[in-house]
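There are 2 protein chains.
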Amino acid sequence: MASKRATISDVASLAGVSIATASKALNGRQDVRAATRERVLAAAAELSFQPNALARGLISGQTRTVGLLTSDSVGRFGIPVLLGAEDAFGAGEMAVLLCDARGDAIREQHHVRALLSRRVDGLIVVGESTNPRPSVSKELPIPVVYAYGPSEDPSDVSFVPDDVGAAAMAVNHLLAMGRRRIAHITGPTHYKAARDREEGLHQALGEAGVAQAGQTLSGPWSQRWGRHAAEMLLMAEPEIDAVFCGSDQIAAGFVEAARERGRRVPDDIAVVGYDNWEVLSTETRPALTTVDMNLELLGRTAAQHLFAAIDGKATPGVHKMPCQLVIRDSTSPPGSS
Amino acid sequence: MASKRATISDVASLAGVSIATASKALNGRQDVRAATRERVLAAAAELSFQPNALARGLISGQTRTVGLLTSDSVGRFGIPVLLGAEDAFGAGEMAVLLCDARGDAIREQHHVRALLSRRVDGLIVVGESTNPRPSVSKELPIPVVYAYGPSEDPSDVSFVPDDVGAAAMAVNHLLAMGRRRIAHITGPTHYKAARDREEGLHQALGEAGVAQAGQTLSGPWSQRWGRHAAEMLLMAEPEIDAVFCGSDQIAAGFVEAARERGRRVPDDIAVVGYDNWEVLSTETRPALTTVDMNLELLGRTAAQHLFAAIDGKATPGVHKMPCQLVIRDSTSPPGSS
DNA sequence: CTCCTGGACTTAAAGGTTTTCGGAAACGTA
DNA sequence: TACGTTTCCGAAAACCTTTAAGTCCAGGAG
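Going down the list, the protein sequences come from chains S and P. For the first sequence, counting from 1, position 95 maps to 95 in our numbering; every step adds exactly one. Just add 337 to the spot in the second sequence (first one is 1) and you have our numbering.
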């Protein structure tokens, strides 16, 4: 444990110059002779000098730090967004101050105040679902960007996955595979994600002039629900040849139950999942064709736009980020194997 | 966007007192008349004054901020530890500065320097596996605590799950269920976790005077390997009545393959997993008996000990944290259903 | 020779807060 | 009145860095 941390004045006196000169030398500014700069740099290295970011921030008013406020602790979705953001920041010299509000508005306010008091340059709020959430940006002296869960206020900057478009893409893929009796199993209707994905389904089916097989089945996002829904569906609509599932968990449950009922996937029934949660989508048999929401990219993009907003170039509105269909073994033309 | 941030001198002049008095009033110190304090507080509220943490930290030398350095970005294990730590800190007034080194030593050094320059009060390093990792604490002016992955230097403070003890506990549970022909499928031997869990198995079997069924099978931590190992094992040792798996992924694969081969779980073969990764352990059928490493608790404990170290009460050594056996449906006395 | 230019360096202020110490008023005691 | 004590408040230093402004000197132009 070093006796004391070296300050710039230690460096200056070791190099035999004034503090101002040392500062200029260290920051690569003009008005310093090469030999002098050399001496200062050597002194700084010898003392392993690290400029005090607090003092620096006090003057410049910029801390080069942003707050990351997440609502879902154990976040299946928050984490990749966080990583993408951390990635975008880490490339530069930004640091990320992480706060978890655990879905509690009081705690959230508390964290916002704490971050403000730490003078962060900006804030990213990542939601636990794609449902719009109350704005936190009212009267805040710093820019805020919302990721995954958009703000209710359209003048805020939000980035969300394009669930409608992705669902349409998934269903179009099924249609292209020659499937015509397509059913839909998804999550609870109070999730905007579930509603959006159903809308995308209807959009694609409508354009193709194909009717949905049976009603949309809504339930929990779980594998158990996938199995249960499969049983109901295979009973009610025995001749379906494809299912679009609202999550990989549901899809994994469906595949399992369908196989037990003697339906082959993908030969008899093609299945598309959602989320590309790898532990499910690549490990199940057959591996799942599924939608990847590119959450890391979403996080990275949000971070980049936060930079822009900090520089005064805000981009208000809800931006839909494209998703990607990952085609694996659970979809193919009917009976093609 | 507020015109300008209020400073304590704004508060002071609005309240008609000096800066010093305002400071004392705001920090609840003595030597301020009640009426005066009242005025200052009112002024602060009106201006929605937030003390500048930078200025405060500059004086006190304490930023009330800790760095969290993680090595595995998408961490199955890092995340819970992180959450536990965030939890312990969030209770007080600490903030967490998150850095992801992505397993790169250079990047790690870079981040350590950045954190040092931000004057964090301490550092938590969370590993991507339980393999000991190089110490980062050499000559660092702040305390460091390692979580999940211990430091190679025994004079550092490290917290790791007690894999040996947990494995023994799991195997003792199988023995208590009357199982006597217990096999072991686990991950790559270059993981200390795999070696420790095997050691725990041998320990429990040795104490009970029971021989292991077949050789330990090592492979990837994946579901695919679980299936593959199941096929080999059921061929080589057809009369096994229990399997201890090194991960829930392996266990899930084993269960699936065993069922396809006509073996009932748990009636014919009991299965214990490891990790309590809920998407696997609770959603598979039957739900898996598995070891929960209590990673959030581990993270919280690491954070608390970092506090202690910051206060000068360091607790060097590698501390083994107890794990917990979560008993579900995949284990029972043989043929009990 | 003087004046000016520009380079190299220093002085000092600023940024917002905490804290030490001294001052002033009010009050009681001799 | 003189003095001590208590209570409340203010001036100023300190934390560390950046930067605007100023000093000093050498050398070139006139």
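From the three backbone atoms N, C-alpha and C, an ideal C-beta is built for every residue, glycine too. Predicted model only: the values in this text are computed from it and were never measured.
Notebook entry, point to check: In angstroms, rounded to a whole number, what distance separates the CA positions of P:Glu476 and S:Ser48?
Noted result: Counted from its first residue, the second sequence places residue 476 of chain P at position 139. Counted from its first residue, the first sequence places residue 48 of chain S at position 48. Approximately 11 Å between the Cα atoms of the pair.
Notebook entry, point to check: Between which two residues does the beta strand (DSSP E) carrying S:Phe254 extend?
Noted result: By one-based count along the first sequence, residue 254 of chain S stands at place 254. That residue, S:Phe254, is in no beta strand (DSSP E); its alpha helix (DSSP H) goes 248-260.
Check: Do you know offhand how far P:Ala530's Cα is from P:Pro469's?
Finding: Walking along the second sequence from the start, residue 530 of chain P turns up at place 193. Walking along the second sequence from the start, residue 469 of chain P turns up at place 132. C-alpha separation (whole angstroms): 11 Å.
Notebook entry, point to check: Got a sec, what are the start and stop residues for the alpha helix (DSSP H) P:Ala359 sits in?
Noted result: Within the second sequence, numbered from 1, the residue matching residue 359 of chain P stands at position 22. Start and end: 356-363.
Notebook entry, point to check: Who are the neighbours of P:Ile416 on chain S, taking C-beta pairs under 7 Å?
Noted result: As a first step, residue 416 of chain P must be located in the second sequence, where it is residue number 79. The contacting residues are Ile79.
Next item on the list: State the start and end residues of the unbroken beta strand (DSSP E) segment that holds P:Phe496.
Entry: Locating residue 496 of chain P in the second sequence gives position 159, where the first residue counts as 1. Its beta strand (DSSP E) spans residues 494-498.
Margin query: Check whether chain P comes within 8 Å of S:Asp267, counting only Cβ atoms and requiring the distance to be less than that.
Written below: Reading the first sequence from its first residue, position 267 is the one you call residue 267 of chain S. Taking Cβ atoms only, chain P never reaches closer than 8 Å to S:Asp267, which makes this a no.
Note to self: Please state the DSSP three-state secondary structure of S:Arg133.
What the structure shows: Along the first sequence, read from residue 1 onward, the residue named residue 133 of chain S stands at position 133. Secondary structure at S:Arg133: strand, using DSSP grouped into helix, strand and coil.
Notebook entry, point to check: So which residues of chain P does S:Ser222 contact, with C-beta pairs closer than 7 Å?
Noted result: If you number the first sequence from 1, residue 222 of chain S lands on position 222. What S:Ser222 touches in chain P: Glu620.
Notebook entry, point to check: Given a threshold of 16 other Cβ atoms within 10 Å of its Cβ, counted over all protein chains shown, does P:Pro417 qualify as buried or as exposed?
Noted result: Locating residue 417 of chain P in the second sequence gives position 80, where the first residue counts as 1. Under this definition P:Pro417 is a buried residue.
Note to self: According to DSSP, is S:Ser332 part of a helix, a strand, or is it coil?
What the structure shows: Mapped onto the first sequence, residue 332 of chain S falls at position 332. Of the three classes helix, strand and coil, the one that applies to S:Ser332 here is coil, per DSSP.
Next item on the list: Below 7 Å between beta carbons is the criterion; list the residues of the segment 440-466 of chain P that meet it against any residue of chain S, in chain order.
Entry: Arg450, Ala451, Leu453, Ser454, Arg455, Arg456
Notebook entry, point to check: List, in order along the chain, the chain S residues whose C-beta lies closer than 7 Å to that of P:Glu489?
Noted result: As a working mapping, residue 489 of chain P is identified with position 152 in the second sequence. Simply none; closest approach about 19 Å.
Checklist line | Boundaries of the beta strand (DSSP E) in which S:Ala183 is found, first to last residue | finding: Translated into positions along the first sequence, residue 183 of chain S becomes position 183. Note, S:Ala183: beta strand (DSSP E), 182-186.
Check: Which value, in whole angstroms, describes the spacing of the CA atoms of P:Val348 and S:Arg33?
Finding: Against the second sequence, residue 348 of chain P aligns to sequence position 11. Against the first sequence, residue 33 of chain S aligns to sequence position 33. Cα to Cα, P:Val348 sits roughly 45 Å from S:Arg33.
Notebook entry, point to check: Ends of the beta strand (DSSP E) at P:Asp437?
Noted result: Locating residue 437 of chain P in the second sequence gives position 100, counting from the first residue. 432-437 is the extent of the beta strand (DSSP E) around P:Asp437.
Margin query: I'd like to check one pair, S:Thr331 with S:Val243: are the Cβ atoms closer than 8 Å?
Written below: Reading the first sequence from its first residue, position 243 is the one you call residue 243 of chain S. Reading the first sequence from its first residue, position 331 is the one you call residue 331 of chain S. In this structure, S:Val243 lies away from S:Thr331, with their beta-carbon atoms at least 8 Å apart.
Note to self: Taking only three categories from DSSP, how would you classify P:Gly654?
What the structure shows: Working through the second sequence from its first residue, we reach residue 654 of chain P at position 317. Strand, per DSSP.
Checklist line | Contact with chain P by S:Ala193, beta-carbon distance below 8 Å | finding: What you label residue 193 of chain S is simply residue 193 of the first sequence in a count that begins at 1. With 8 Å as the cut-off, S:Ala193 does not count as an interface residue toward chain P.
Checklist line | S:Ser222 beta carbon less than 8 Å from that of P:Glu576 | finding: Reading the second sequence from its first residue, position 239 is the one you call residue 576 of chain P. Reading the first sequence from its first residue, position 222 is the one you call residue 222 of chain S. The answer is no: Cβ separation not under 8 Å.
Next item on the list: Could you tell me whether the segment 534-541 of chain P touches the segment 588-603 of chain P, using the rule of 3 or more Cβ pairs below 8 Å?
Entry: No: the two stretches stay apart, fewer than three of their Cβ pairs being nearer than 8 Å.
Next item on the list: Step through the CB atoms of chain P and report whether any lies within less than 8 Å of the CB of S:Asn407.
Entry: Summary: the structure shown does not reach residue 407 of chain S, with chain S confined to residues 1 through 337, and so no result is reported for it.
Check: Looking at the structure shown, is S:Val112 part of a helix, part of a strand, or coil, going by DSSP?
Finding: Here residue 112 of chain S corresponds to residue number 112 of the first sequence, with the count starting at 1. Helix.
Item checked: CA-to-CA distance, S:Arg39 to S:Ala20, given in whole angstroms -> Taking the first residue of the first sequence as 1, we reach residue 20 of chain S at position 20. Taking the first residue of the first sequence as 1, we reach residue 39 of chain S at position 39. Distance between the alpha carbons of S:Ala20 and S:Arg39: 14 Å.
Item checked: Validate contact between the segment 500-514 of chain P and the segment 478-489 of chain P using beta carbons, cut 8 Å, 3 pairs -> no
Next item on the list: Specify whether the segment 247-255 of chain S and the segment 227-239 of chain S touch according to this definition: at least 3 beta carbon pairs, one from each stretch, less than 8 Å apart.
Entry: Touching, per the Cβ criterion.
Next item on the list: Mind listing the chain P neighbours of S:Asp31? Cutoff is C-beta to C-beta under 7 Å, in chain order.
Entry: Here residue 31 of chain S refers to the residue found at position 31 of the first sequence. Near S:Asp31 there are no residues of chain P at all, since even the closest Cβ is about 25 Å away, more than 7 Å.
Margin query: Helix, strand or coil, according to DSSP, for P:Asp368 in the structure here?
Written below: Residue mapping note: residue 368 of chain P aligns to position 31 of the second sequence, counting from 1. In this structure, P:Asp368 counts as coil in the three-state DSSP scheme.
Check: Which residues in the same chain have their Cβ closer than 7 Å to the Cβ of P:Ala380, if we skip the five residues on either side of it in sequence?
Finding: As a working mapping, residue 380 of chain P is identified with position 43 in the second sequence. Same-chain partners within the cutoff: Val348, Leu351, Ala352.
Checklist line | Option nearest P:Val497 by Cα separation, candidates P:Asp409, P:Met658, P:Cys582 | finding: Mapped onto the second sequence, residue 497 of chain P falls at position 160. Residue P:Met658 is the option with its Cα nearest to P:Val497.
Next item on the list: Assign S:Ser9 to buried or exposed, taking buried as 16 or more other Cβ atoms, counted over all protein chains shown, within 10 Å of its Cβ.
Entry: Along the first sequence, one-based indexing puts residue 9 of chain S at 9. Exposed is the call here.
Next item on the list: Label S:Gln30 either buried or exposed according to how many other C-beta atoms from any shown protein chain fall within 10 Å of its C-beta, with 16 as the threshold for buried.
Entry: Position 30 of the first sequence, counted from the start, is the residue given in the question as residue 30 of chain S. Burial call: exposed.
Note to self: Between which residues of its own chain and S:Ala2 is the CB-CB distance below 7 Å, once the five residues before and five after are set aside?
What the structure shows: Taking the first residue of the first sequence as 1, we reach residue 2 of chain S at position 2. Residue confidence is low: S:Ala2 scores 45 on pLDDT, short of 50, so the model does not pin down where it sits. No coordinate-derived value is stated.
Next item on the list: Counting only the same chain and skipping the five closest in sequence on each side, list residues whose C-beta sits under 6 Å from that of P:Arg637.
Entry: Your numbering for residue 637 of chain P matches position 300 in the second sequence. Result list for P:Arg637: Gly421, Asp424, Ala425, in chain order.
Note to self: I'd like to know if P:Gly394 contacts chain S, where contact means its C-beta is closer than 8 Å to some C-beta of that chain.
What the structure shows: Working through the second sequence from its first residue, we reach residue 394 of chain P at position 57. Yes, because at least one Cβ of chain S sits closer than 8 Å to the Cβ of P:Gly394.
Checklist line | Whole-angstrom distance between S:Ile310 and P:Gln586, CA atom to CA atom | finding: To locate residue 586 of chain P, count along the second sequence from 1; it is residue 249. To locate residue 310 of chain S, count along the first sequence from 1; it is residue 310. Taking the straight line joining both Cα atoms gives about 44 Å.
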